[in-house]
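Reading through the structure tokens given below for one structure.
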Amino acid sequence: MRLPRLLFALVATVTIAACGDNANLAPASIPNVVDTFTIGSLTSSPVAIPSAYSVADGNVVRTDLTSAFDFAYDVDATGQHVLLSLEVMRLVTTNGSGPGMQFTSKAFNQISQGPSDGWITGDTIKVDSGTVLLLRSRIVCGGLGVPLYGKMEVLSIDDTPGNQTMKFQALSNENCGYKSLLPGLPRD
0 MRLPRLLFAL
10 VATVTIAACG
20 DNANLAPASI
30 PNVVDTFTIG
40 SLTSSPVAIP
50 SAYSVADGNV
60 VRTDLTSAFD
70 FAYDVDATGQ
80 HVLLSLEVMR
90 LVTTNGSGPG
100 MQFTSKAFNQ
110 ISQGPSDGWI
120 TGDTIKVDSG
130 TVLLLRSRIV
140 CGGLGVPLYG
150 KMEVLSIDDT
160 PGNQTMKFQA
170 LSNENCGYKS
180 LLPGLPRD
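In numbering that gives the first Met the number 0, the protein residues as written are 0 to 187.
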């Protein structure tokens, strides 16, 4: 009976230590890469065009095929271009710990690390060409219980009726426990 408790205590201690000290993390193995994507509006683009982005996968996804994404793009009733988190779409209730976005005044290339707090999780995010955002994923690192981090910049918006799209560049750090948002293999 004592062995399971001891094992649990050991695992919990290692996990807590790993969350607070990068020296205890497994070495990063996935390089951070900037890529360009185009997503279509949830309500005014053909269903075959991806409408969402997954920070965890560093890729766009179709919302009719999966709910494994962190935000979706849409155009609201007033014509405003918006990003919707899973909480805004009522797909999850996270009390602020779910996927989030954060405005920044820094240029895309100047952003070096994902912050720990200040995330917007339950509000619609209005965007336009030139908008730069920090990104936080849903919890995907099961052993650590932490999200992944990324950044994006809206490059252009196409308002073609029936096929409204948003082109953006993004970088996702897919290494659990790391917050670096610079290209290359992360060190922190």
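We treat Cβ as the ideally placed atom computed from N, Cα and C, and that holds for glycine.
Just so it is clear, the structure is predicted and the values come from calculations on it, not from any experiment.
Residue interval of the beta strand (DSSP E) (run including residue i)
i, result
"residue 40", "Counting along the chain, residue 40 falls outside any beta strand (DSSP E), and DSSP gives it neither H nor E."
"residue 166", "164–172"
"residue 226", "In the structure as shown, the chain starts at 0 and stops at 187, and residue 226 therefore has no counterpart that could be examined."
"residue 152", "148–157"
"residue 44", "Counting along the chain, residue 44 falls outside any beta strand (DSSP E), and DSSP gives it neither H nor E."
"residue 59", "58–60"
"residue 85", "From DSSP, residue 85 is part of no beta strand (DSSP E); its letter is neither H nor E."
Close beta carbons around residue i, own chain, < 6 Å, minus the five adjacent residues each side
i, result
"residue 130", "153"
"residue 46", "63"
"residue 110", "150 and 180"
Residue i vs residue j beta-carbon contact at 9 Å
i, j, result
"residue 67", "residue 59", "no"
"residue 30", "residue 182", "yes"
"residue 81", "residue 124", "yes"
"residue 63", "residue 42", "no"
"residue 76", "residue 176", "no"
"residue 48", "residue 162", "yes"
"residue 174", "residue 50", "no"
"residue 149", "residue 172", "yes"
"residue 134", "residue 88", "no"
Secondary structure of residue i, DSSP reduced to three states
i, result
"residue 16", "At residue 16 the pLDDT is 41, less than 50, meaning the model places this residue with poor confidence and gives no usable figure here."
"residue 109", "helix"
Close Cβ partners of residue i (< 7 Å) along its chain, the five nearest in sequence each way excluded
i, result
"residue 136", "54, 55, 69, 98, 146 and 147"
"residue 83", "70, 71, 73 and 123"
"residue 107", "131, 150, 152 and 168"
Residues near residue i in its chain [Cβ-Cβ closer than 8 Å; skip 5 each side]
i, result
"residue 105", "131"
"residue 187", "21, 112, 177, 178 and 179"
In DSSP terms, what residue i is bridged to
i, result
"residue 51", "60 and 71"
"residue 99", "135"
"residue 140", "145"
"residue 125", "81"
"residue 183", "31"
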